[in-house]
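Residue numbers (the numbering used here): 7 to 102.
Below is one structure, written out as structure tokens, with a few remarks after it.
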Amino acid sequence: MLYRTIKGANGHSPEVQEQVDRAASIFSEEFGDDYAPPELTRGHLTDPKNVLVAGDQAFALLLRAGREDQRLWLMWVHPGARGQGLGAALLQHIID
């Protein structure tokens, strides 16, 4: 599985912004607007310390990526792809 690492910053290219918007929408739908409203996800991705790892069927948002206090904030795998090891592969990609 190939993943794209999107570092938080303003001025993403249209292609990258599309993935950011998709992740924000999915996180909101999956986890609810009380916990993951799209504005919060987009806000996290304006901080250069944060990273979105994006794939076709999985996303993960890391806060303070690459630091000692790094934190996985949200992770999502497409419902139709669950149980196939995508989540484990995504976590391994993050660790690597």
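Heads up, the beta-carbon is just placed ideally off N, CA and C, and yes, glycines get one too.
Beta-carbon contacts of residue i that lie in its chain and below 7 Å, excluding the five residues immediately before and after
i, result
"residue 42", "33, 34 and 80"
Where residue i sits in the DSSP three-state scheme
i, result
"residue 42", "coil"
"residue 52", "coil"
"residue 30", "helix"
"residue 60", "strand"
First through last residue of the beta strand (DSSP E) which encompasses residue i
i, result
"residue 77", "77 to 83"
"residue 87", "Neither: residue 87 is in no beta strand (DSSP E) and is coded neither H nor E."
Own chain, CB closer than 6 Å to residue i, minus 5 neighbours either side, in chain order
i, result
"residue 83", "64, 92 and 93"
Outcome for residue i when other beta-carbon atoms lying within 10 angstroms are tallied against a minimum of 16
i, result
"residue 51", "buried"
Endpoints, the alpha helix (DSSP H) within which residue i is located
i, result
"residue 8", "Here residue 8 belongs to no alpha helix (DSSP H), and DSSP marks it neither H nor E."
"residue 71", "Run containing residue 71: none; DSSP gives neither H nor E here."
Spatial neighbours of residue i in its chain, beta-carbon cut-off 8 Å, leaving aside the 5 residues before and after
i, result
"residue 100", "59, 66, 68 and 78"
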